[in-house]
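Residue numbers (the UniProt record's numbering), protein chains in the order written: chain A, 1 to 666; chain B, 1 to 368; chain C, 1 to 373.
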Amino acid sequence: MTQKTVTNSQITEVRPTDPAASDDVIRVIGLHKHYDRVAAVQGVDFSVRRGEVFGLIGPDGAGKTTTFHILGGVMEATAGDVQVLGQPPRDARLKIGYLTQQFSLYLDLSIDENLRYVGGLRQVPDRQFSERREKYLRLMNLEKFGDRLAGELSGGMKQKLALCCALVSQPQVLLLDEPTTGVDPVSRREFWDVLAALSSEEGVTIVVATPYLDEAERCNRVALMYDGQIQQIGTPAELRNSLGLHRLEVHTPQLQAAEQVLTTLSESDAIVDVQTFGDRLDVLVSDPQTGESQVRELFRQNHLQADTIELAEPTLENVFVTRLRQQGSAPEFFEFPRSRGGNRNVTTGSSSDFAIYSHNLNRSFGSFRAVKNVNVEVRYGEIFGLLGANGAGKTTTIKMLCGLLPISSGDISLGGERGNLRSSELRRRIGYMSQKFTLYDDLTILQNLEFYSGVYGVPRRLRREKIDWVIATCGLDGRETMLTGQLPGGWKQRVAFGASVMHEPDILFLDEPTSGVDPLARRQFWKLINDFARNGTAVLVTTHYLEEAEQCNRMSFMVAGEIVTEGSPSQIKASQPGQLIEVVIDQTQAASNLLKQQMESWRVSIFADRLHIVLDDPDRDIPIVRSLLKSANLTIHSLRPIPFSLEDAFIGVVQRLAQSATPEEP
Amino acid sequence: MKRILAQCTKELAQFRRDRLTLALAFILPVMTLFIFGFAIRLEAKNIAIVVQDFDRSNLSRRYTEGLYQTNQFVPAQWSGDDPMQDALDRGIAKAAVIIPPDFSRGIAAGKTSQLQVLIDGTDVNNARVIKNSIQAFTRSFLQDQNLMSGTSKITPRLRLWFNPGRRESLYIVPGVFGVILAIYPSLLAALAMSREKEQGTILQAYASSISAAELLLGKCLAYLVVGIGQAIFVIGLGCAIFRIWFVGDPSPFLIGTGIFLIASIMFGLLIGVRANNRSVAVQGVATAGFLLALLLSGFIYPLSNIPFPLSLVTNIVPARYFIEISRDAFVRGTGWEGVWVAQVCLVVLAFVLFNIARRILGRMQLPG
Amino acid sequence: MKLLRRLIESRFWALTVKEIGQILRNKQLIFLLVFPPTIQLLIFGLALNPDVQNLKLGVVDYSNTPMSRELVSALTANGVFRVDRAPPNEQILGEQVRRGEIITGLVIPPTFNRDLKSDHPAEVQVLIDAVDANTAGIASGYAAQIINHFSQQLAPQNQAPIETQVTILYNPGLISSWFIVPGVLGLVLNLGSSLVSTSAIVREKDTGTLEQLLMTPAAAWEIILAKVVPLFVLLLGEVMLAVTVATLVFHVPFRGNFFLFMGFSGLYICVGIGIGFLLATVSRSQQQAILTSFFINLPLIQLSGAIAPIESMPRFFQILSLFNPLRHYVKVVRGVLLKGNGLEVLYPEAIALTAFAVALLAISTYKFRTQLS
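Written out as structure tokens, the structure reads:
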């Protein structure tokens with residue numbers, strides 16, 4: 001109930017028709033959009049001030065892209081008033097830079113050609129064009145690749161180029177629709193640093209949609225959108241506070257059991273939500289004291305060991321998840337109807353012990369070596385993560401491991417089979433979900449599931465049960481006869497996952513299963529993956545959401561076709577040199593700019609309202625940082641060492657590698 | 001103007017990048033030129049026929065030999081005794097001439113001998129040619145053998161103008177130019193347009209302030225450059241291989257080619273604007289373009305043979321006007337006074353196509 | 001019963017049901033199989049008309065006597081020529097021919113009547129625009145024949161000693177559509193089967209579902225066969241549609257055996273599907289597939305005799321056309337429909353088409369399979 005009132009007060013805070021609000025660059029009142037019978041956006045109001053970074057977050061199919069289309073002037077609204085820079089968006093198009101979700105680039109054109117085309121379309125005078133071209137390419141570190149084809153760039157570079165294209169006409173408003181989907185962590189941070197600089201230094205107004213809630217933390221204000229409506233608007237802090245909940249970070253060696261206990265056995269409503277988050281549990285409680293004592297009590301009753309319980313602020317992800325739970329849209333977990341009782345027939349032997357095994361795996365395309373000497377060993381019941389940026393060779397490796405792509409050299413064994421990886425019997429034991437959507441868009445959901453269960457030879461009498469499970473898990477009850485093509489991307493991913501596990505595979509390959517999936521669904525995905533692993537399935541998963549990679553038992557980092565680090569998440573994090581320092585400070589952006597002049601820029605990154613700094617020798621470096629910030633009149637509210645996250649580790653590894661490859665700057 | 005040029009430069013850059021399309025853009029027209037130019041011959045030469053000579057006289061033998069000496073007929077290899085069943089049914093021969101047993105005796109007796117001719121009517125045009133040839137030969141045979149008493153009262157003096165040798169290539173090849181330039185530039189244009197829609201890059205154009213007209217003109221300009229390349233290549237090659245050349249003022253042809261290219265590119269863009277993906281666009285160009293340019297343009301048979309309601313459609317087929325211009329340039333040679341109407345029609349058609357495409361693109365927005 | 005249950009449990013069944021589901025959902029495909037073939041048959045049948053009639057004739061009659069007028073009406077009597085205008089002199093007539101306003105010109109000299117009465121042969125001039133060589137050839141043949149006939153009637157005692165009795169077989173009325181429509185039927189079937197089967201595979205490639213399919217236990221032949229069977233049935237439907245249009249609209253006779261015809265059509269559908277699959281396995285994207293299908297189908301159609309007769313092609317192309325499966329099918333269609341041929345006549349075509357079908361399907365299955373690994 002309390003949340004409801006908060007929501008309302010948040011919305012009324014928007015000043016719709018206040019003439020004094022002249023710095024409202026975007027004003028949206030009562031926006032509606034209907035496609036045939038479907039209402040995509042139903043009554044959205046918000047306004048964005050000049051120079052603001054405004055985030056739009058929400059689950060798949062919430063109406064974010066439609067809102068962007070209308071703001072960008074490429075689609076007519078059904079009803080409502082939309083003003084951008086005091087004009088209808090269509091008339092303001094030249095002052096708007098718009099990054100669509102995909103394909104804003106011509107992949108068969110070079111970087112320069114792409115830029116020149118946009119410059120021409122938007123009538124940028126030649127002199128200014130070359131000025132800006134140089135400026136922005138330098139800003140994005142792309143200046144050396146002018147004549148490279150856009151199609152040959154990595155995902156991160158593509159998005160940076162797309163941003164450059166949007167910037168050459170020097171727009172006052174930037175609309176970015178999920179700009180960092182499919183972008184590796186390093187590029188993601190760089191991208192957001194550029195955005196922060198644009199808004200604070202050039203006064204560009206930015207509206208951005210993102211599925212990454214850590215990115216949303218970097219916005220000035222955030223709107224939480226659900227089902228075509230905005231549920232809540234406010235600064236990240238306001239949103240967090242509006243929740244009225246507190247977060248307990250519980251570190252325990254028995255994560256799985258603890259989560260089980262806390263979710264099912266908690267009788268009072270003191271514990272609102274429990275989530276495994278990397279190597280810790282996030283427990284949301286309404287009152288910190290009673291909550292903590294409750295957790296400790298439950299731990300004691302069940303003979304669990306709690307290392308530490310720390311009180312912290314809730315994160316935006318907590319807000320997101322809790323709000324959507326309140327909407328009743330959180331996907332439920334159903335037990336998979338196992339007909340084989342799990343994978344019990346695992347033999348123990350030498351190398352056939354491994355479900356997936358490769359030694360010195362190589363693959364070249366022409367002169368390009370896509371995969372170099374990759375070793376992978378995955379046991380039954382293990383979740384193995386293959387991490388890395390787009391283009392690092394993850395997909396090529398997966399395709400070789402499951403026999404889709406011939407290898408250039410090396411050894412492979414799959415499910416104990418060494419020679420013929422393509423036999424029908426072997427494939428029956430394998431589940432595979434590829435990066436692209438793998439369902440037939442022109443069939444209904446039910447037809448798709450019937451097809452996959454049939455083609456994998458699931459006995460007819462068991463099919464019904466398994467199909468029902470997939471549909472229930474995806475929350476698609478009653479919509480089974482809908483065309484698959486009409487499902488939003490994230491939902492399709494869920495059905496695709498269901499389709500690839502119906503036959504209870506011994507070995508499961510998941511190539512970027514959660515790309516484009518909202519945080520709630522991502523949680524459900526991992527629950528399911530864990531469940532399969534517990535029942536003896538070997539899982540090989542690739543991802544570039546490093547935060548979810550914490551769920552893997554073991555993992556390898558791939559960079560440019562090579563494995564650079566491997567181990568369990570805690571091993572990898574522990575092997576990082578130096579210390580990560582979290583600084584809470586007044587002007588995060590200014591502090592970041594200042595520090596970046598003094599140290600390599602990857603060492604400093606903005607995380608919501610705080611800075612993360614990687615210091616190799618904290619005892620020596622912390623005083624230097626303190627005095628540096630003090631001399632610039634920046635007040636430090638807190639400074640404390642925190643453990644590395646996997647993302648920090650990944651960035652550190654990649655950057656140190658890049659550094660050792662190129663001679664150090666003087 | 002700047003936006004048109006930007007669009008045009010971009011299209012050309014993309015076109016240049018796509019090796020396969022680039023290659024096919026020149027290979028396909030040349031292949032078409034060869035196949036149409038060489039293989040479309042309406043009048044059969046060396047027609048296989050069967051002569052069944054029951055007379056076996058000197059006269060009948062002379063008749064048979066004379067028939068083969070016309071260079072139009074060759075004897076068919078057949079066995080059996082019923083020419084209809086054993087030669088025509090099987091398609092071994094296209095016609096059978098049956099000389100009756102009393103052929104020479106009858107003529108000697110001053111009676112009229114009946115010569116039976118069976119013609120396979122499956123191929124209507126050639127059936128007619130065979131019939132005419134055999135009758136004409138029989139007539140000249142009578143005269144040569146002095147079997148006609150008295151001379152003919154009226155002698156027709158036939159004069160074939162423009163193409164006295166009746167070279168079919170002179171008729172077909174200028175038409176092939178029309179068919180090629182109607183199909184391939186429009187195919188490329190349709191692909192370029194529908195690809196942007198299929199891949200969603202069109203959003204970038206929507207999000208800038210480029211107008212529908214500018215977008216179309218930009219693409220048109222780019223493919224006009226490509227089309228001119230194709231035209232020079234194909235027409236040059238065609239002239240060299242089939243030994244044809246301008247017979248008068250080439251200026252109407254050169255200008256007409258430019259206008260015609262614009263019209264066919266506009267047609268392609270129009271289809272590309274309508275279609276949502278490349279496969280539909282190509283189906284559209286292949287079906288509509290081929291049907292119109294091949295069948296309703298007067299390329300193979302005279303336009304006047306097309307029956308009434310369909311004949312109206314021919315008026316909006318650009319290829320029809322271009323083929324008129326092309327045949328005039330290579331065969332007839334009347335120059336401007338003969339073809340200015342066709343040129344005007346092409347301009348009007350190009351303009352109309354452009355406007356329809358612009359109307360469909362409309363306000364450059366996503367459909368609601 | 002047990003067999004049926006085993007079939008329903010099989011992967012092949014799942015694959016086939018999926019294909020049928022996709023086909024039923026694909027409005028574009030159904031449209032593609034109904035609309036273009038009908039339109040093509042109609043337009044080809046109506047527009048490709050080699051008849052020589054109603055040729056515009058310009059007459060300069062300097063003689064202007066009943067006899068000269070009779071000659072003119074003899075020329076126009078059977079509809080080949082039609083008097084369009086009567087220019088005052090030869091120069092203007094020539095100019096009109098040059099401009100293409102009229103196709104033929106007739107000049108009757110002032111001395112025409114006088115010459116006829118004397119023993120002197122009268123000479124008339126016939127101008128023919130020979131840009132269209134074929135029409136000009138037939139027109140000049142007609143003109144000579146008519147004038148000869150006319151002059152013979154002037155001297156009835158000159159009975160010609162040989163009379164040719166011409167019988168036109170199979171198509172006595174020389175109805176042009178009877179030639180074109182069966183040819184176009186082959187063309188339509190060729191385009192339909194190859195395009196539809198190409199898109200069935202290329203679509204899976206483009207959307208990435210093929211990769212998923214390859215990871216299932218299904219074998220290459222199962223995947224291909226499951227695609228062939230529904231398309232085959234669908235294309236047989238297209239053949240029926242085309243035959244219906246041919247017989248109902250154009251009254252093309254169906255003299256042969258219907259089942260023989262359907263058998264041959266089935267064989268050709270296999271050839272077409274083979275061509276389509278081959279195209280799809282060779283090309284990397286939809287755009288490539290479409291362009292290469294142009295590259296293949298254009299020569300197939302032009303060298304099939306569907307539009308221009310094979311006999312009139314240069315020798316090289318005639319030999320080349322023997323390797324064109326469509327040529328054989330077009331011959332079969334004309335043979336069965338117009339001539340009523342049976343297998344005893346068409347067995348070489350049956351052998352050739354079977355060979356083509358087997359070879360194409362084998363190669364494409366092989367290529368498909370190697371592509372997967």
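The C-beta atom is built at its ideal place from N, Cα and C for all residues, glycine as well. Keep in mind the model is a prediction, meaning the values are calculated, not measured.
In the three-state scheme derived from DSSP, where H, G and I count as helix and E and B as strand, D86 of chain B is classed as helix. Using a C-beta cut-off of 8 Å, the stretch 59 to 70 of chain A makes no contact with the stretch 137 to 153 of chain A, since fewer than three inter-stretch Cβ pairs fall below that distance. Of all alpha-carbon atoms in C:F254, C:F323, C:P348 and C:T365, the one lying nearest the alpha-carbon of G340 of chain C is that of C:F254.
Not a single CB atom of chain C sits nearer than 8 Å to the CB of F320 of chain A.
Pairing G237 of chain C with Y329 of chain C gives a Cβ-Cβ distance that is not under 8 Å. Here Y68 of chain B is exposed. Its C-beta has fewer than 16 other C-beta atoms within 10 Å. For the stretch 127 to 153 of chain C, residues whose beta-carbon sits nearer than 8 Å to a beta-carbon of chain B comprise L127, I128, D129, A130, V131, D132, A133, N134, T135, A136, G137, I138, S140, G141, Y142, A143, A144, Q145, I147, N148, F150, S151 and Q152. In the three-state reduction of the DSSP assignment, H328 of chain C falls in the helix class, which pools H, G and I. Look at A44 of chain B: its C-beta is under 8 Å from a C-beta on chain C. In terms of CA proximity to L118 of chain B, B:A95 leads the group B:E198, B:I134 and B:A95. Look at G200 of chain B: its C-beta is under 8 Å from a C-beta on chain A. With a contact defined as Cβ atoms closer than 8 Å, F112 of chain C and T65 of chain C qualify at about 7 Å. Using beta-carbon distances, L109 of chain A counts as an interface residue toward chain B, with a partner under 8 Å. Closest in C-alpha terms to L142 of chain B, from the list C:T164, C:I201, C:G192 and C:E9, comes C:T164. 8 Å or more divides the Cβ of P309 of chain C from the Cβ of Y301 of chain B. Under the 8 Å criterion on CB atoms, K117 of chain C is classed as non-interfacial with respect to chain B. It is roughly 27 Å from the alpha-carbon of Y545 of chain A to the alpha-carbon of T205 of chain A. A direct Cα-to-Cα measurement between L366 of chain B and L449 of chain A gives close to 32 Å. Here DSSP, grouped into helix, strand and coil, assigns M364 of chain B to coil. Under the Cβ criterion of 8 Å, N324 of chain C is not counted among the residues facing chain B. Across the set A:L615, A:D214 and A:G86, the C-alpha of A:L615 shows the shortest separation from the C-alpha of G578 of chain A.
Those residues of the stretch 110 to 124 of chain B placed with their C-beta closer than 9 Å to a C-beta in chain C are G110, K111, T112, S113, Q114, L115, Q116, V117, L118, I119, D120, G121, T122, D123 and V124, ordered along the chain. Taking the Cα of A281 of chain B as reference, the smallest distance to any Cα among C:Q286, C:G305 and C:Q318 is reached at C:Q286. Excluding sequence positions up to five before and after Y321 of chain B, its CB lies within less than 7 Å of the CB of A342, C345 and L346, all in the same chain and listed in chain order. Boundaries of the beta strand (DSSP E) around Q232 of chain A: Q229 to G234. Residues of the stretch 180 to 201 of chain B with a C-beta less than 7 Å from any C-beta of chain C: L191, listed in chain order. For T167 of chain C, the nearest beta carbon of chain A is not closer than 8 Å to its own beta carbon. A straight line joining the alpha-carbon of S592 of chain A with that of V604 of chain A spans about 6 Å.
The C-beta of Q447 of chain A comes closer than 8 Å to at least one C-beta of chain C. Under the three-state reduction of DSSP output, K94 of chain B falls in the coil class, being neither helix nor strand. Remark: C-beta atoms of V184 of chain C and S283 of chain C do not approach each other more closely than 8 Å. Measuring C-alpha to C-alpha distances from I70 of chain A to each of A:A258, A:R463 and A:H32 identifies A:H32 as the nearest. P121 of chain C and I108 of chain C have their alpha carbons spaced roughly 13 Å apart. The C-alpha of L147 of chain B lies about 37 Å from the C-alpha of M313 of chain C. Counting the other Cβ atoms within 10 Å of the Cβ of Q598 of chain A gives fewer than 16, which makes it exposed.
Counting along the chain, the unbroken alpha helix (DSSP H) around N113 of chain C starts and ends at F112 to K117.
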